[in-house]
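In numbering that gives the first Met the number 0, the protein residues as written are 0 to 617.
Built from N, CA and C at the ideal position, the CB exists for glycine as well.
Before any comments, here is the structure.
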Amino acid sequence: MAVVAAGALALAGCTSETETPEEDTTAAEQGGDTDTDSETGDTDDETATSGDEAGGEGDGSTGKADLGDVTTAEDEISFSTGSEQYNAYNGDTSATNSTYNAVVNNQVQSGFWYWGTDGAIYPNEWFGSYETTSEDPLTVEYTISDEAVWSDGTPVTANDYLLEWASSNPEALGGAEALGFDPVSDTFGKYVPEVPEAEVDGKTFTVVYPEPYPDWELVVSAAKPAHVVAEQSGLDPAELTQAIIDGDGETVGQASEFWNTGWVFNDYEIADEAIVPSSGPYTLQGSVWEKDQSLGLVPNEEFWGTPPATANLVFKFAAPETHVQALQNGDINVIEPQATVDTVDQLNNMGDTVSLLQGDEMTWEHLDFNFAEGSVFSDDEGGLAAREAFAMCVPRQQIVQNLIQPINPEAQVMNLREKFPFQDDYQEVLDAAYDGRYDEVDIEGAAAKLEEAGLETPVEVRIGYSAPNQRRTDEVTTIKASCDEAGFNIVDAGDPTFFQQGGPLETGDWEVALFAWAGSGQIASGQPIYSTDGGQNYGGYSNETVDEAWDVLATSNDPAVHLEQIKVIEKELWDTLYGIPVFAHPGVVGYDSSLENVRHTSVQTGVSWNAEQWVRAN
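So, in structure tokens, the structure goes:
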């Protein structure tokens, strides 16, 4: 699946849970929030590798249902993640990693595995197989199905995966400066420092991890078409692959410009469909793209796996506040709206024509500080005292009580980033990391901290987020009512371009960023968010203790080590105030009751995780 890159979270954006960085996601909220990369406890190696039969909801499995022989119905089913438009076939760059790109790419780029509804990993046996051939060093052999082809007829081969490795800027090829690729995550190149063993155009390749890596199974899944990158970069496909094998970074670097920008569609159209072949059940080749309105995928006639249950899958670009009415009108068939009391009530009152699904989400809301030069929260300006002042006046409990508990009465203020309140070890980590100092609003204490910071009041703080988003607007309004009393001047800086390439999140045009991270149970995916040189560290936070703890965690397969290092990381993030966690997102899905196989999931792929199985009942 073309989910968020291994080692990264998605931005989750304007919908209830996804904004990758989530916009809100798999990253920054570009369409959905991504949640933490916390471990779920059920994604250990044994669960992940067994995958067993993904029988689906009927037998209690969290994997996809076995639909048997499928004949594609000549019908159309529509879905919306929000108003953010799909804009990149390559969702693995630092600027394009978002849930609103991933939901489309998941249908046109397939791979070795997918996430079940609880974060468990299931193999796509029709795509290929992989097996561990050595534990020391960890060695994994991958075999791609002989039937696997891109929709243009080119076989899916090791070439595609060698480019996937090269695009993560491995030092063996000269590193980021020499190669020029801009990946959202460098995990593949960092933990697999030597080129995977493979032959040009081969169907097998072998990956070796010199050091343990807990999320190794997530590192290799889908890949982009290397032959397209080569041809668009003036290279012969075999030449590019051989250059990767030979360590010829100069040649490989010629492909970086297209990889970074050639698959970005800022004009919201695909001028040359030859550059976007599909390896999934649907394809962009022949799709119908109506700017600002919708993108309709069509079946991939060359797909060798189970064909899609419905011929036309349409992604509607609609603001979340319009979703419920659009569902009732039949304009959109499946929605994942922002979870509000009104939304749930409206869906419940629609009668038998609409079905409602609710559940926990591995997506969480947070407020991040900007540490860049000139920011009032940077160490050269107001520093820690200013950040403490803001933390003291943010009414997190009021936000949860007013906006979240009416939907999920069990909801609570979230005080961690790598563990969720519904996880078994949440309390153990919390006890070690946080003393509750910001649980209650303290206006007098906040004002005193601002005075200590030496800032002239009122201190202007722009809270940036992807607009329109009513819940986030309400959050900012609630924060302003409280923090202005302490000496701040909170400014609502919601912006429709917040997650776009070159937009405010990327350029740092904010003092506080409000979005969500959407995760799926990864163990080490928080590293690029909180590490000094992390590709998802948008605020420029830097802390040696945090860096060292992540390095220890990410090079161990021992759950006890993971737990202890998470405690260190969480405590340091609180003590130095990287940012402020607020709540885990409640999940709500509404859909036309005539549809079958629509299933809620807690992970960053959202309800469309199995959209190729949606079908209207006869």
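Identity of the residues DSSP links to residue i by a beta bridge
{"i": "P195", "result": "Paired residue(s): none; P195 is not in a bridge."}
{"i": "E301", "result": "DSSP output for E301 lists no bridge partner at all."}
{"i": "H322", "result": "Paired residues: none, contrary to the question."}
{"i": "Y281", "result": "P298"}
{"i": "F78", "result": "F314 and V333"}
{"i": "H365", "result": "F514 and P580"}
{"i": "V263", "result": "A87"}
{"i": "Q357", "result": "V587"}
{"i": "D491", "result": "I462"}
{"i": "R615", "result": "L594"}
{"i": "G127", "result": "I143"}
{"i": "T205", "result": "E140 and E196"}
{"i": "P154", "result": "V148"}
{"i": "S133", "result": "T138"}
{"i": "I120", "result": "W114"}
{"i": "W258", "result": "Bridge partners of W258: none, in fact."}
{"i": "V287", "result": "G295"}
{"i": "P457", "result": "DSSP lists no partner for P457."}
Through-space distance from residue j to residue i, alpha-carbon basis
{"i": "E484", "j": "P457", "result": "10 Å"}
{"i": "V393", "j": "V399", "result": "12 Å"}
{"i": "S607", "j": "F78", "result": "8 Å"}
{"i": "V191", "j": "W164", "result": "8 Å"}
{"i": "A237", "j": "P195", "result": "16 Å"}
{"i": "G381", "j": "L449", "result": "8 Å"}
{"i": "P169", "j": "P527", "result": "16 Å"}
{"i": "A177", "j": "I579", "result": "37 Å"}
{"i": "A47", "j": "A119", "result": "Caution applies to A47, whose pLDDT of 24 falls short of 50 and renders its modelled position unreliable; the model cannot decide the point."}
{"i": "V475", "j": "Q397", "result": "12 Å"}
{"i": "A273", "j": "T80", "result": "26 Å"}
{"i": "A446", "j": "G486", "result": "6 Å"}
{"i": "G507", "j": "A64", "result": "43 Å"}
{"i": "V597", "j": "G329", "result": "16 Å"}
{"i": "T95", "j": "G502", "result": "12 Å"}
{"i": "V614", "j": "V69", "result": "10 Å"}
{"i": "Y267", "j": "S519", "result": "29 Å"}
{"i": "G188", "j": "S167", "result": "5 Å"}
{"i": "H365", "j": "A515", "result": "6 Å"}
{"i": "Q231", "j": "P182", "result": "19 Å"}
{"i": "G373", "j": "I489", "result": "17 Å"}
Option nearest residue i by Cα separation, candidates the options
{"i": "D351", "options": "A171, A371 and L326", "result": "L326"}
{"i": "Q500", "options": "D68, F78, L66 and S93", "result": "S93"}
{"i": "T203", "options": "I244, G127 and L162", "result": "G127"}
{"i": "T186", "options": "A553, F370 and G81", "result": "A553"}
{"i": "P211", "options": "A523, S593 and G533", "result": "A523"}
{"i": "S354", "options": "E360, L346 and M361", "result": "L346"}
{"i": "N104", "options": "G62, Y281 and W125", "result": "Y281"}
{"i": "N407", "options": "N299, Q337, V428 and A371", "result": "Q337"}
{"i": "S144", "options": "S166, Y121, G110 and L162", "result": "G110"}
{"i": "T156", "options": "D65, G173, T116 and K223", "result": "K223"}
{"i": "Y464", "options": "V323, E451, L504 and G261", "result": "L504"}
{"i": "E443", "options": "E130, F389 and W125", "result": "F389"}
{"i": "L294", "options": "V139, K479, W509 and N100", "result": "N100"}
{"i": "W215", "options": "A242, E134, F498 and A147", "result": "E134"}
Integer Cβ distance of residue i from residue j, believed to fall under 8 Å
{"i": "S97", "j": "F180", "result": "In fact, because the Cβ distance is near 18 Å, the residues do not count as touching under 8 Å."}
{"i": "V567", "j": "T531", "result": "V567 to T531, Cβ: 16 Å. No contact."}
{"i": "V199", "j": "N158", "result": "7 Å"}
{"i": "V206", "j": "L162", "result": "The pair is not a contact, with the Cβ atoms about 14 Å apart (cut-off 8 Å)."}
{"i": "V263", "j": "N542", "result": "Actually they do not touch by this definition, with Cβ atoms about 32 Å apart."}
Beta-carbon proximity of residue i to residue j, cut-off 8 Å
{"i": "V219", "j": "Y113", "result": "no"}
{"i": "Q253", "j": "G233", "result": "yes"}
{"i": "L383", "j": "E569", "result": "no"}
{"i": "H599", "j": "G589", "result": "no"}
{"i": "Q411", "j": "A517", "result": "no"}
{"i": "A512", "j": "W363", "result": "no"}
{"i": "D291", "j": "F316", "result": "yes"}
{"i": "D151", "j": "P276", "result": "yes"}
{"i": "D367", "j": "G538", "result": "yes"}
{"i": "A548", "j": "Q535", "result": "no"}
{"i": "E370", "j": "D359", "result": "It should be pointed out that residue 370 corresponds to Phe in this sequence rather than to Glu. No, these two residues do not count as a Cβ contact at 8 Å."}
{"i": "A310", "j": "E73", "result": "yes"}
{"i": "T472", "j": "D491", "result": "yes"}
{"i": "V460", "j": "V581", "result": "no"}
{"i": "I76", "j": "V333", "result": "yes"}
{"i": "G525", "j": "E427", "result": "no"}
{"i": "P420", "j": "T71", "result": "no"}
Beta carbon proximity, residue i to chain C, threshold 8 Å
{"i": "A452", "result": "Reference to chain C is not applicable here, since this structure consists of a single protein chain."}
Check: residue i C-beta below 7 Å from any heavy atom of the ligand FMN
{"i": "V340", "result": "The ligand FMN is not among the ligands present in this structure, which contains no ligands whatsoever."}
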